[in-house]
Every structure is written in structure tokens, then in C-alpha cells.
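Residue numbers (the numbering used here): 387 to 848.
Even glycine gets a Cβ: it sits at the ideal position worked out from N, Cα and C.
Because the structure is a prediction, the values reported are computed rather than measured.
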């Protein structure tokens with residue numbers, strides 16, 4: 387595919403987005419190497435498929451690479467990037483490599499502030515069931531694909547997440563775009579919501595004349611930008627004006643049932659086995675893509691019914707049937723997403739909801755402090771840890787304590803702040819009473835501690 391390119395090196399290869407691209411390129415026959423600051427399940431998996439992984443950053447890691455790819459989490463003065471530039475080795479961002487992969491196929495790019503990973507996974511599942519053998523690059527581990535987040539397919543379609551966080555989705559070549567919603571986030575890279583909207587408009591208008599933009603009609607910000615989009619638009623949602631919509635919705639504890647309607651024609655009933663109204667919308671987005679590309683209703687129906695979710699998306703990691711205790715892990719890191727997670731837990735029945743939230747990014751914590759505090763106060767007990775910094779340097783005075791101070795005004799003694807996450811499992815035991823749901827929420831490493839707590843509870847039973 388790339389003339390005179392044999393060895394591709396990834397800096398920050400342990401990121402979920404980077405690892406997917408690396409795995410696809412490895413499957414295409416390229417020699418792949420990569421570095422990251424720490425070992426993880428992702429780096430272990432990449433090693434298992436023959437990718438050379440180095441822990442820590444060093445100029446030696448670059449070796450004789452023909453091109454170096456870096457993630458948005460990597461600072462521009464990284465020693466490997468500086469060495470590559472000195473040696474005149476091309477250095478490109480992750481999005482540019484993804485764009486080249488997308489250029490080769492009919493590419494479906496899924497964008498939106500919330501719901502990208504699940505929606506991308508649902509589309510991939512439908513295409514897989516339709517025997518279209520798609521290439522997929524997803525920001526999460528999909529249970530339907532043996533917890534993989536990437537695969538190289540022989541078919542004509544490539545399905546990938548289009549990440550708006552660093553504006554890099556504007557580099558992508560999308561034959562068809564999906565916009566799930568538009569919300570205020572990533573204010574470290576955007577001035578305000580208006581600038582975010584403007585970038586989504588540019589993304590939608592980059593779709594070629596033969597493509598289309600699939601948009602959720604229920605989202606107010608989506609509706610507000612539609613008149614500025616020149617590409618063909620197909621809408622979905624509960625809104626009666628949507629081209630693809632759900633009717634006769636019946637929710638149950640771990641899923642839903644509804645009839646799928648396309649252009650006022652009732653196609654039939656869908657049984658969805660992932661919880662929450664938001665997942666009905668995600669499934670409608672996937673159905674709208676499939677209908678536009680003439681995939682049969684029966685294929686859509688079976689795929690949506692079989693879909694069992696994505697890891698860290700309202701994932702039940704432990705259940706004590708005797709005491710009726712659930713541990714649920716979720717990647718949510720924005721107030722709107724956290725609201726959805728807490729609401730989904732409330733819909734499970736009469737449970738006490740204990741939320742353990744690890745804030746992600748100093749800038750996001752500061753800019754959305756009031757919204758975070760308001761939503762986290764909707765739990766019965768709210769526990770905040772310190773901030774997972776990801777790509778950011780600390781901001782003076784910004785810690786998890788600024789959320790705790792606000793939540794405490796509402797929840798009083800039911801608000802807690804645990805700066806040292808290693809103390810979490812032991813601290814949580816006193817809340818492990820009958821009919822309790824523990825929600826471990828955050829885009830950092832909070833899932834590490836949810837697994838530790840699950841192990842402790844399991845040992846207590848024996």
C-alpha cells in the first residue's frame with residue numbers, strides 16, 4: 387500500500403486507538419514496533435501477535451523505521467519524535483495514518499461527543515453478520531470480536547471511530563459519516579461549544595457527493611447545525627420527523643424492545659440486549675447506516691439482538707446473587723455520559739447506587755466542575771478519586787477535591803474523597819451491603835481498582 391515503507395514505529399502504541407491501527411497494519415504485512423510508558427493488557431496483546439514493544443521512550447526505539455506515528459497523548463518534544471525528525475524519518479499523527487487506511491476503502495467514520503465506540507461496534511457487528519468482512523478500528527474492546535478493537539477484513543468497507551477531541555477527525559476520508567451528538571467537551575482544544583459545532587459541520591461537509599451523513603435528530607446541537615450541512619443527511623432517533631426511528635419502545639433491566647421504522651415503514655421488532663435509552667439511539671444509528679447501504683432488515687435484527695456490548699461500557703464485572711450486589715465498569719468521563727450511566731443503574735430496580743468517579747484531565751474537571759458535581763450528586767453515595775492526567779500537566783489548585791467540595795454540599799456525609807486509589811478496595815467494603823450497585827466510572831485506570839474490589843468480594847464469599 388505504502389511504496390517503500392516497510393517498518394512503521396508507533397509512539398504511544400498502548401493507546402486504544404493507536405493499537406488498533408498498528409494491528410491492522412501488522413495484518414497487512416508491515417513490520418511494526420512501538421513504545422509506551424507502561425505495560426498493559428493492550429501491549430501484552432500486541433506482543434502476542436508479534437509486534438515489538440519497548441516500555442519507556444528512547445531514541446533507540448525508533449531504529450530503522452521508515453515512518454513514525456504518534457498519538458495525541460505524546461508531547462511534541464518526545465525524544466523518539468525528535469530523533470526521527472533529526473534523522474529525516476517522516477513523523478505523522480495517528481489520524482493521518484488512519485486517513486490513509488480509510489482512503490483505500492468505502493469508509494464509515496463515526497463521530498460524536500458520546501456513543502462513538504458502541505455505535506461503531508454495532509455497525510461492525512451488522513456488517514460482519516452480513517458477510518461483508520469489514521475492516522474495523524474501534525476505541526474499545528468489542529465482545530462480539532473476542533474483545534478485539536481492530537481487525538483487517540477483505541471486504542470493501544472500513545468502519546472506524548472519528549475522534550473529534552483534538553480536531554483530527556477533519557483529516558479523515560469518510561465516504562459516510564455518523565454524528566451521534568455534539569456536546570461541550572475537550573475545551574483544552576476548543577474555545578467553546580460554537581467552535582466544536584463548526585468543526586462538526588466541516589467534518590460532515592467533507593463527505594463526498596456519493597456519501598451521506600447519518601445524524602441523531604434527538605440531539606439539539608445536531609439539529610442546530612443541519613441547515614449548514616451541504617452533504618446528504620439521513621436522520622435517526624425517537625423524533626417523529628426522523629428517517630429511521632424507534633416506536634413501541636419497551637425498556638427492561640438489561641435491554642429493550644422496539645419496532646424499527648424506516649421512512650414511515652415499520653420493518654419489524656428489534657430486541658436489544660444492552661441497557662439504556664441511549665443504546666437504542668446507538669442501535670438506530672447503526673441501523674440507519676445499514677439501511678442506507680441496503681443491508682436486509684433480518685440481518686440488522688439478528689446482529690442487534692446478538693450484540694453483547696463493549697468492554698467498559700456499562701459492563702457488569704461482578705455480581706453477588708445472594709446479596710444482590712453489582713459491580714459495573716464504565717468509561718464515561720463527561721457529565722452527560724455519567725448521567726446516562728447513573729440513570730441506567732436506577733432503571734435496574736430499587737438499588738442503592740454508589741458511584742466511584744475518577745476525573746479525566748485537569749482542564750475538563752475545571753471547565754465542567756459544576757456539571758460534574760450536579761450529576762454525581764444524583765448517586766446515593768459519591769466517591770471521587772484524584773484526577774487521571776492523561777496527556778496534561780497539572781493545573782494549580784485543580785484536584786478531585788474540587789468536585790468533592792461541591793458534591794458534599796448536596797450529599798453531606800455521603801460524599802467522599804479518596805486521593806490514594808490503592809486504598810479504594812478496602813474503603814469500599816463498608817458499602818458492600820445488600821441491593822447495592824457500585825459504578826466505577828472514568829476513562830483512566832479506575833477499572834484496575836474495580837477488578838481488585840471484585841476479587842476482594844469474591845474472596846469474601848469463599
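With a minimum length of 3 residues, the unbroken runs of beta strand (DSSP E) contained wholly in the segment 726-776 fall at 738-743, 767-771. Using a Cβ distance threshold of 8 Å, residue 491 and residue 542 count as a contacting pair.
Going by C-alpha positions, residue 624 is about 32 Å away from residue 575.
When DSSP states are grouped into helix, strand and coil, residue 416 belongs to the coil group. For the pair of segments examined, the segment 581-595 was found to touch the segment 610-630: the number of CB pairs separated by less than 8 Å reaches three.
In the displayed model, residue 814 falls within a helix according to three-state DSSP. Look at the segment 634-722 and you find these whole runs of alpha helix (DSSP H), each 4 residues long or longer: 663-678, 683-692. Looking at the backbone, the Cα of residue 401 and that of residue 674 are separated by about 30 Å. Within the same chain, and ignoring the five residues on either side of residue 677 in sequence, the residues whose Cβ sits closer than 7 Å to its Cβ are 630, 648.
Counting other Cβ atoms within 10 Å of its Cβ, residue 622 reaches 16 or more and is therefore classed as buried.
If the five residues before and after residue 777 are omitted, its C-beta is found closer than 6 Å to the C-beta atoms of 459, all from its own chain and listed in chain order. By the criterion of at least three beta-carbon pairs nearer than 8 Å, the segment 419-434 is in contact with the segment 390-408. One thing to note: residue 668 has its Cβ no nearer than 8 Å to the Cβ of residue 499.
Under the three-state reduction of DSSP output, residue 392 falls in the coil class, being neither helix nor strand. The Cβ atoms of residue 540 and residue 524 do not sit closer than 8 Å to each other. With distances taken between CA atoms, residue 604 lies nearest to 663 out of 663, 653, 550, 577. Taking the CA atoms as reference points, residue 406 sits about 29 Å from residue 839. Following the DSSP letters along the chain, one finds residue 547 in no alpha helix (DSSP H) but inside the beta strand (DSSP E) bounded by residues 543-547. Three or more beta-carbon pairs drawn from the segment 467-487 and the segment 442-459 are found closer than 8 Å, and the two stretches are therefore classed as touching. Three or more beta-carbon pairs separated by less than 8 Å link the segment 714-724 to the segment 817-831, which places the two stretches in contact. For residue 562, the enclosing beta strand (DSSP E) covers residues 562-565. Taking the Cα positions, residue 781 is about 19 Å away from residue 759.
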